[in-house]
Structure formats: structure tokens, C-alpha cells
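Once you know that position 381 of the sequence shown is 381 in the UniProt record's numbering, the rest is easy, because the numbers rise by one and skip nothing. By construction, the Cβ of each residue, glycine as well, lies at the ideal position given by its N, Cα and C atoms. Each remark here refers to the structure printed beneath this line.
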Amino acid sequence: MATRLLAATLLASGLAHANSEASTAVSNGFGPSIEAAKSRGPAIFNAVNDALRQFGSSLHHNGMSFYLATIPEGVILHHGNTNPNSPNDPDWLAFEIEHAEIFARGRHGGPGGGPPGGPPPPGDGRAKPLFDKRGGRAAFDLVHLSKDDRPQQPILEEPYASDPQVVGSMQGEGGWLHTYRTARPLRYLYIDGMGGGKTTMGTLDSQDYLLRGDKETVYTMDKPPPPPPPPRVGKRSGGPMDEQLRAAELCEMCGKWNLSGVIRMEAGFEIIQCDFHNGLEQIQALQRPDPSPSDGPGGPMGDFEYIRGLSERYFGIGSSRATIDYTSMVSAFFYPVNLTNPDPKRPDLPRLSNVTEAELGAIRAHLDRVIQEKHDDVARTIDWQDVTDLIVARYADRVQSMAEKPRSLESLLKELNFLLTPYIDYSGKDKDQIAAATDRCANFYLHGISPSSEADHLIHAGIKAVTTHLCTKLFDVRELLITTSSSPNSDVLSSAVATLRSLIEYLGWARFKRCLSCDIDEVCLIPMWPFGSKQDYESPRCVNESSVRDDGGDNYWGGYGGGPGGGPPGRRPPPGGGTDGKRPH
1 MATRLLAATL LASGLAHANS EASTAVSNGF GPSIEAAKSR GPAIFNAVND ALRQFGSSLH
61 HNGMSFYLAT IPEGVILHHG NTNPNSPNDP DWLAFEIEHA EIFARGRHGG PGGGPPGGPP
121 PPGDGRAKPL FDKRGGRAAF DLVHLSKDDR PQQPILEEPY ASDPQVVGSM QGEGGWLHTY
181 RTARPLRYLY IDGMGGGKTT MGTLDSQDYL LRGDKETVYT MDKPPPPPPP PRVGKRSGGP
241 MDEQLRAAEL CEMCGKWNLS GVIRMEAGFE IIQCDFHNGL EQIQALQRPD PSPSDGPGGP
301 MGDFEYIRGL SERYFGIGSS RATIDYTSMV SAFFYPVNLT NPDPKRPDLP RLSNVTEAEL
361 GAIRAHLDRV IQEKHDDVAR TIDWQDVTDL IVARYADRVQ SMAEKPRSLE SLLKELNFLL
421 TPYIDYSGKD KDQIAAATDR CANFYLHGIS PSSEADHLIH AGIKAVTTHL CTKLFDVREL
481 LITTSSSPNS DVLSSAVATL RSLIEYLGWA RFKRCLSCDI DEVCLIPMWP FGSKQDYESP
541 RCVNESSVRD DGGDNYWGGY GGGPGGGPPG RRPPPGGGTD GKRPH
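The structure is reproduced here in C-alpha cells:
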């Protein structure tokens with residue numbers, strides 16, 4: 001409760017810099033640093049490269065960063081609910097019509113086929129891998145809706161069960177699909193990673209631990225939960241893992257910051273829109289068919305088409321639909337904090353569990369300062385995502401090909417020479433030819449960029465650390481092949497391949513896991529909360545309408561509110577980390 005009071009105090013004062021814990025940390029010299037950015041270069045590189053991209057954000061799902069984002073005038077957004085009226089309270093918007101369609105259903109029955117607003121049938125409440133046998137909509141309901149939820153229930157509305165008269169008048173009718181247009185440019189706080197995923201894996205850390213100052217709720221997996229608190233009632237009650245309260249508090253913060261809401265991602269990008277009557281124009285509201293089990297999302301075609309719609313945004317939701325101000329980036333990766341995951345089986349996923357209250361307060365104050373300084377700022381910014389795209393495009397496929405399909409020492413050396421000779425000066429002017437060439441290689445895509453903001457310098461340091469490591473390792477392999485060319489043997493090839501595979505693991509680029517050439521009637525399937533299997537995380541696969549449900553494994557997210565082990569919500573995974581005891585990598 002003390003941390004909640006602290007969060008409320010911060011909100012009341014505009015997240016003032018005078019917060020005692022933040023001030024203590026700052027006075028002790030705590031803050032973002034170039035050294036911290038260098039040490040977390042790959043994480044910063046991937047955060048920038050994955051921003052507003054479904055594919056990379058699904059694989060690097062524990063987001064640690066915040067950005068200011070702008071949705072321009074004229075962008076179309078969607079909302080699904082049970083009536084033709086626009087919400088009067090904070091509520092959700094979807095970028096994709098398939099996403100909103102899931103929620104645009106009537107009161108034909110609750111998630112488990114019971115009475116409207118009722119709980120699912122008895123069971124552990126965990127999601128089936130990818131899609132439940134009843135289809136995508138049913139599986140989504142099992143993990144996305146609590147007993148007092150209805151589709152995209154207004155965040156501040158009283159529990160639906162308290163309105164039985166409405167239930168009777170609407171039961172059996174389809175819901176409503178709303179379409180909106182932005183009437184002017186709207187500014188939002190973008191929370192990266194899978195920020196809309198209600199899991200115990202760390203997807204909510206940046207919102208709960210950092211923004212809301214709530215470290216009382218047990219979302220870590222290294223200790224059993226305390227006894228459950230009494231259920232909340234009234235406005236802000238309900239939603240999986242306190243989702244309605246979370247959204248309401250985020251909107252309070254956005255009000256202080258003069259922002260329209262929050263952009264997050266789950267299985268699709270969503271907006272927590274704090275005021276539907278400020279900056280949005282309703283274009284239409286169309287009633288959907290009677291929600292029988294065979295209608296819309298829920299059948300095989302509905303499942304597949306939903307995934308197809310999401311896959312169109314794997315590598316960006318469209319530069320004309322939302323733009324990120326990278327100079328506003330505030331990230332835990334910029335700070336010398338302990339981001340170790342308490343789950344020893346997932347050291348690849350950062351967590352805020354071990355970050356102190358003082359450190360969290362300092363990062364929160366940093367974010368507040370950046371947002372206040374960027375108010376109505378229209379200065380030109382560097383598109384750091386473009387920079388990372390150029391680097392990934394040049395190296396990713398070639399490095400992966402050399403590591404996974406090395407034909408011979410000669411072919412490997414030929415490929416490396418193609419990549420690296422542009423950086424070598426053969427005139428003999430360089431005293432140390434390789435060192436000079438490595439430096440040119442590392443700086444090649446950073447030439448002409450002039451960092452101006454604090455975030456620019458930190459992002460630059462992170463990217464430079466990555467390109468330096470990348471170029472150093474490639475030159476190391478080239479030198480190995482050249483020096484042993486007179487007496488080649490299998491050990492040389494094995495050593496070269498081992499170095500390249502280690503480089504791939506260091507980089508962790510999402511592109512390394514993309515599906516290769518799916519057919520026109522297929523899409524590449526990856527885990528997107530609440531769907532997807534552990535196997536799909538390790539090796540995404542091409543699926544079509546008939547194979548989309550053939551998951552072949554356990555749900556990656558462990559079910560509603562669960563972690564990778566598939567244990568009950570809020571509890572540690574079973575011994576061994578799940579049914580197979582393996583960690584995705």
C-alpha cells in the first residue's frame with residue numbers, strides 16, 4: 001500500500017522531481033550512463049529495432065523502454081463493444097480491425113458458454129496451446145476476460161453483473177464494431193515489448209513496478225504468492241491481473257502529461273484511449289451478427305485470418321499510422337541497474353524485480369522530465385530504427401547463412417571478404433590494417449549522424465557497442481581462415497562456425513527467427529499473448545487455415561496470468577520449468 005500511496009503522491013505533484021527516493025538516487029550519482037548503454041548494447045539495439053513491430057516485440061516481450069509516439073490526423077482505429085455508443089470513459093482501441101472484431105460481440109454467453117458475464121466452466125483456467133478447440137475467440141476469452149468482464153469493458157465502469165436489465169435486453173444480439181478517425185495528431189506514451197500481455201513473465205514490469213510504483217503485487221515467479229486480497233468492487237474493478245485499475249492509473253498519468261493515452265501490444269497493437277471525445281471522430285458503428293459459435297473469429301478461418309491480420313504488422317504498423325520520437329526514449333537499459341531475471345531458466349528476459357525503489361523512482365522522474373521537456377516539441381529527430389534496419393539488412397542473413405550452412409572454408413572466406421573488404425585500405429597507410437578496418441566497419445552506418453539529445457547519445461553508444469562487437473568477430477573469423485589457409489582442417493571450420501553462432505546469440509536479432517518463404521496461403525506463427533506454443537517461440541513456423549491449430553506443444557505463456565512453466569497464475573512454475581524443462585533460446 002505504501003508504494004501505491006507513493007505513486008498517488010507522484011501523480012498529484014505531476015511526478016515531481018522532488019520525490020525523496022529519486023532525489024536520493026540522483027544525489028548518489030545514479031543516472032543513465034554511456035557505460036551502461038555500452039554494456040547493454042544488444043538490448044538497446046533490439047529495443048529500437050523492435051519498436052512498434054509485432055514480430056520482434058513478441059520475441060523480446062519484456063519491454064524496458066518508453067517513447068513518445070504520435071498518431072497523425074486521419075488514422076483509422078477500431079473498437080469493439082456491446083452497444084452502438086462511443087465510450088464515455090477510458091477504453092481500448094485497436095489498430096487492426098481483426099483485433100477489435102474479437103471484442104465486438106454481444107451477450108450471447110460468457111467465455112465458458114455460461115450466462116452472460118459469468119465465469120468459464122470449472123477448470124484451471126489456463127489457455128490451450130495457441131487456440132482452444134472451440135476456436136480463437138473462445139481461447140482468447142479464457143485468458144483475456146475475468147468473470148466480471150465483458151468485451152472491452154469501459155475501464156471505469158461498474159461491474160457488468162450489476163446491470164441485469166441490460167443483460168436481458170441485449171442477450172442473443174451481436175455486438176458493435178466501431179470505427180474512428182483521428183481528428184488531429186494525438187500524442188501517446190508507447191510502452192514497448194508485449195506490454196498488453198497479462199503474464200507473470202515480466203511483460204507488465206515497466207508498467208507496474210516502474211510507472212505505477214506497485215511492487216506489492218506478486219508477478220515474479222521465484223516465490224509463492226501471498227493470500228489473495230479481497231476482491232475490488234466499483235469503478236476500476238475487474239480485468240485480468242488488475243487490468244482496469246492499471247489502465248485507469250495510466251490514464252491519470254497521461255492526464256498530467258497532456259497525452260491522449262498509452263500504446264501497448266498483445267496479439268495486436270492496442271491503445272488505452274483516455275477520452276474518446278477528445279481528438280477522435282466516430283465514422284461508423286456497425287452491429288455484428290448474432291454471436292453463434294460458428295460466426296466470425298472462432299472457426300478455423302477466423303483463427304487464421306486473425307493471425308494473418310497480425311502478421312501484416314510483424315515488421316511495422318505503418319510509418320503513416322504512428323511515429324516514434326527516439327529522442328524521448330527512456331529505458332532501464334540506460335541505467336546501471338540489476339535486470340537479472342529471478343527465473344534462472346530465462347536469463348535472456350530482463351526483469352525489474354531486483355531494481356530498488358530509489359532506482360525505480362529515479363527512472364520514473366527521468367521519464368517525467370523528458371515528457372515535460374518534449375511538450376509540443378517538433379524538432380527533427382534521428383530515426384534510429386532506420387539505422388538498425390540498415391545494419392540488420394546487411395549482416396543478418398549472411399551471418400546466419402555462414403553459421404548454419406557453411407559449405408567450405410573457401411566459401412566462408414569469400415563471404416567474409418565480400419562483407420569486410422569495403423572497410424580495408426589496401427594502400428598500406430594504416431599501421432594496423434585490421435584495427436583501422438574494424439573501426440571503419442563499426443562506424444560505417446553511424447557516419448553523418450550527429451546525436452543531440454541525451455537519448456541520442458545513449459542509443460548511439462548502444463548501437464556502436466553492437467557494431468564494434470559484430471565487426472571484431474567477423475574480422476577474427478576472417479583472420480583465422482587466412483592464417484590457416486595453407487593447412488585447412490575440420491577444426492578450423494568448427495572454430496569459425498562456433499564464433500559465428502556465438503555472435504548470433506549475442507546479437508539476438510528477431511530476424512534470425514523469421515520464417516523463410518511461407519506460401520501465399522500461409523503465415524508465420526509466433527507466440528503473441530495469449531496465443532502460441534513454446535515450440536513456436538524457439539522456431540516460428542508457417543501455418544495455413546488447416547494447420548493453425550496444430551500447436552504441437554505447451555502454451556508459451558503458461559495460460560492466463562501464468563509464466564512459461566504453465567503453473568497457476570502468480571505462482572512459480574513446476575519443477576523443471578514446465579513439462580519439458582527446456583528454456584526457449
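- request: Go to Asp343, then tell me how far its alpha helix (DSSP H) extends in each direction, as first and last residue.
  value: Here residue 343 refers to the residue found at position 343 when the sequence shown is read from its first residue. Counting along the chain, Asp343 falls outside any alpha helix (DSSP H), and DSSP gives it neither H nor E.
Any 3 or more C-beta pairs closer than 8 Å across the segment 56-69 and the segment 274-291: no
message: Quick check: the Cα distance between Val387 and Arg105, rounded to an integer number of angstroms?
response: Walking along the sequence shown from the start, residue 387 turns up at place 387. Walking along the sequence shown from the start, residue 105 turns up at place 105. Roughly 42 Å separates the two Cα atoms.
- request: Identify every residue that forms a DSSP beta bridge with Glu281.
  value: Within the sequence shown, numbered from 1, the residue matching residue 281 stands at position 281. Answer is Arg181.
message: I'd like to confirm the pairing. Which residues does DSSP put opposite Glu305 in its beta bridges?
response: Within the sequence shown, the letter at position 305 stands for residue 305. Looking at the DSSP assignment, Glu305 forms no beta bridge with any residue, so it has no partner.
- request: Please report the residue range of the beta strand (DSSP E) in which Tyr326 lies.
  value: As a working mapping, residue 326 is identified with position 326 in the sequence shown. Element bounds for Tyr326: Thr323 to Ser331.
- request: Could you tell me which of Leu413, Pro530 and Phe418 sits nearest to Gly195, measuring between CA atoms?
  value: For the purposes of this step, residue 195 is identified with residue 195 of the sequence shown, where counting begins at 1. Of Leu413, Pro530 and Phe418, the residue nearest in Cα terms is Pro530.
task: Within 10 angstroms of the Cβ of Asn85, are there 16 or more other Cβ atoms? Answer buried if so, exposed if not.
output: Indexing the sequence shown from 1 puts residue 85 at position 85. By the beta-carbon neighbour count (other beta carbons within 10 angstroms, threshold 16), Asn85 is exposed.
Proximal residues to Val523 (C-beta, below 6 Å), its chain only, five neighbours per side dropped: In the sequence shown, residue 523 corresponds to position 523, counting from 1. The answer, listed in chain order, is Ile307, Arg308 and Ser311.
message: Give me, in chain order, the residues of the same chain whose beta-carbon lies closer than 6 Å to that of Ile263; leave out the 5 immediate sequence neighbours on both sides.
response: As a first step, residue 263 is located in the sequence shown; it is residue number 263 there, counting from the start. If we look at Ile263 and ignore the five residues flanking it on each side, its Cβ neighbours are Ala69, Tyr188, Tyr190 and Ile271.
message: So the candidates are Ser487, Ala510, Met241 and His469; which of them puts its Cα closest to the Cα of Thr200?
response: Locating residue 200 in the sequence shown gives position 200, where the first residue counts as 1. Measuring from the Cα of Thr200, the nearest candidate turns out to be Met241.
Residues near Glu415 in its chain [Cβ-Cβ closer than 8 Å; skip 5 each side]: Here the question's residue 415 lines up with position 415 in the sequence shown. Arg398, Ser401 and Met402, listed in sequence order.
query: Is Gly56 closer than 8 Å to Ala510 when the C-beta atoms are compared?
result: For the purposes of this step, residue 510 is identified with residue 510 of the sequence shown, where counting begins at 1. For the purposes of this step, residue 56 is identified with residue 56 of the sequence shown, where counting begins at 1. Result yes, Cβ atoms of Ala510 and Gly56 sit closer than 8 Å.
message: What does the alpha-carbon distance come out to for the pair Ser453 and Thr327?
response: In the sequence shown, residue 453 corresponds to position 453, counting from 1. In the sequence shown, residue 327 corresponds to position 327, counting from 1. Spanning the two alpha carbons is a distance of roughly 6 Å.
- request: Please look up how many angstroms separate the CB atoms of Leu280 and Ala436, rounded, as I've assumed it's under 8 Å.
  value: As a position in the sequence shown, residue 280 is number 280, starting the count at 1. As a position in the sequence shown, residue 436 is number 436, starting the count at 1. Approximately 55 Å separates the beta-carbon atoms of Leu280 and Ala436; this is outside 8 Å, ruling out the contact.
task: Taking only the alpha-carbon atoms, compute the straight-line gap between Thr82 and Gln282 and give it to the nearest angstrom.
output: By one-based count along the sequence shown, residue 82 stands at place 82. By one-based count along the sequence shown, residue 282 stands at place 282. Distance between the alpha carbons of Thr82 and Gln282 is about 16 Å.
field: Contact set for Ser485: own chain, Cβ-Cβ below 8 Å, skip 5 residues either direction
entry: For the purposes of this step, residue 485 is identified with residue 485 of the sequence shown, where counting begins at 1. Leu409 and Leu413.
field: 7 Å CB neighbourhood of Phe315 in its chain, flanking five on each side removed
entry: Translated into the one-based positions of the sequence shown, residue 315 becomes position 315. Once the five neighbours on either side are set aside, the close Cβ partners of Phe315 are Arg53 and Phe55.
message: Strictly under 8 Å for the Cβ-Cβ distance: is Leu250 near chain E by that measure?
response: The structure shown contains no chain E; it holds only a single protein chain.
task: Could you name the residues of the same chain whose beta carbon sits closer than 6 Å to that of Thr472, not counting the 5 residues immediately before and after it, in chain order?
output: Sequence index remark: in the sequence shown, residue 472 carries index 472 (1-based). Closer than 6 Å at the Cβ level, and outside the excluded window around Thr472, lie Thr438.
task: Helix, strand or coil for Thr70, going by three-state DSSP, please let me know.
output: In the sequence shown, counting from the first residue as 1, residue 70 sits at position 70. Reduced to three states, the DSSP call for Thr70 is strand.
task: Could you check the C-alpha separation between Ser546 and Gly532 for me, to the nearest Å?
output: Position 546 of the sequence shown holds residue 546. Position 532 of the sequence shown holds residue 532. So the alpha carbons of these two residues sit roughly 16 Å apart.
message: Taking the straight line between their C-alpha atoms, what separation do you get for His108 and Cys515?
response: Position 108 of the sequence shown holds residue 108. Position 515 of the sequence shown holds residue 515. Its pLDDT being 44, under 50, His108 is placed unreliably by the model, and nothing is read from it.
query: Can you give the Cα-Cα distance for Ala247 and Leu204, rounded to whole angstroms?
result: Here residue 247 is taken as the residue at index 247 of the sequence shown, counted from 1. Here residue 204 is taken as the residue at index 204 of the sequence shown, counted from 1. Answer to the nearest angstrom: the Cα atoms are 12 Å apart.
task: Pick out whichever of Val497, Trp557, Ser517 and Arg394 has its Cα sitting closest to the Cα of Lys534.
output: As a working mapping, residue 534 is identified with position 534 in the sequence shown. The candidate whose alpha carbon is nearest that of Lys534 is Trp557.
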